[in-house]
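Okay, so here's the structure we're looking at.
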Amino acid sequence: MPKNNIILDLKQRKRQKEQKAKDEKRKIEQLAKSKKYSTEVLVASSPLGEVYHDLFNKKDRMDAKMQSDINRTTNDIDTLLYKLNKKIENKTSLVDYKISQKEEQIKERLKY
Numbered sequence: 001m002p003k004n005n006i007i008l009d010l011k012q013r014k015r016q017k018e019q020k021a022k023d024e025k026r027k028i029e030q031l032a033k034s035k036k037y038s039t040e041v042l043v044a045s046s047p048l049g050e051v052y053h054d055l056f057n058k059k060d061r062m063d064a065k066m067q068s069d070i071n072r073t074t075n076d077i078d079t080l081l082y083k084l085n086k087k088i089e090n091k092t093s094l095v096d097y098k099i100s101q102k103e104e105q106i107k108e109r110l111k112y
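This is how it looks when you write it as C-alpha cells:
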C-alpha cells in the first residue's frame, strides 16, 4: 500500500473518531438540556416537593451531579482522542521511517 493511501486512511480514521466524539458530546449536552432533567420533572418525581428549602438543595445537588457527569464524560472523550491521535502519529512516523528506509535501499541498489 503506498504511503499516501496509508496516510489518507489514518487521517480518515482520525476524522471519523473525532466526529464520533463530537456526536457523543452533542448527545450528552442534549440529554442534559432535555425535559427529562428539568426542575419540574425532577421535583415531581421527588418526595421532597413539600419542603421549599430541601427542594433547592436537591436541585443544586442534581445540577452539580449532572455537571460533574458531563465534565467526566467530556474529559474521557478528550483523553480517548488524545490517545488515538498519539497512536496515529506513531503509526504515521513508523510508516514514514519504513518508506525512507526502502528508498535508501533502492538508491543503494541503483548505485551499483
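Just so you know, the sequence shown maps onto residues 1 to 112 in full-length UniProt numbering. Where a beta carbon is used, it is the ideal one built from N, C-alpha and C, also for glycine.
So what's residue i in DSSP terms, helix, strand or just coil?
| i | result |
| --- | --- |
| Ser93 | helix |
| Ser100 | helix |
| Ser34 | coil |
Contact defined as beta carbons within less than 8 Å: I believe residue i pairs with residue j. What is the distance between those atoms, to the nearest angstrom?
| i | j | result |
| --- | --- | --- |
| Leu10 | Ile88 | 5 Å |
| Asn75 | Lys14 | Contact flag wrong, Cβ pair sits at about 20 Å. |
| Leu110 | Lys17 | Not quite, the Cβ-Cβ distance comes to about 40 Å (not below 8 Å), so this is no contact. |
Note down, in chain order, each residue of its chain lying with its Cβ closer than 7 Å to the Cβ of residue i, except the 5 sequence neighbours on either side.
| i | result |
| --- | --- |
| Val41 | Lys35 |
| Ile6 | Val95 |
| Ile28 | Ile70 and Thr73 |
Closer than 8 Å by C-beta to residue i: which residues in its own chain qualify, once you throw out the five before and the five after it? Chain order, please.
| i | result |
| --- | --- |
| Thr79 | none |
| Ile77 | Ala21, Glu24 and Lys25 |
Check whether chain C comes within 8 Å of residue i, counting only Cβ atoms and requiring the distance to be less than that.
| i | result |
| --- | --- |
| Ser93 | The displayed structure is made up of one protein chain only, and chain C is not part of it. |
Once you ignore the five residues that flank residue i on each side, which residues in its own chain have a CB closer than 6 Å to its CB?
| i | result |
| --- | --- |
| Thr39 | Lys59 |
Q) Does the stretch 101-112 come close enough to the stretch 58-77 to have 3 or more Cβ pairs within less than 8 Å? A) no
Q. Counting Cβ pairs, one atom from each stretch, are 3 or more of them under 8 Å apart for the stretch 88-95 and the stretch 20-35?
A. no
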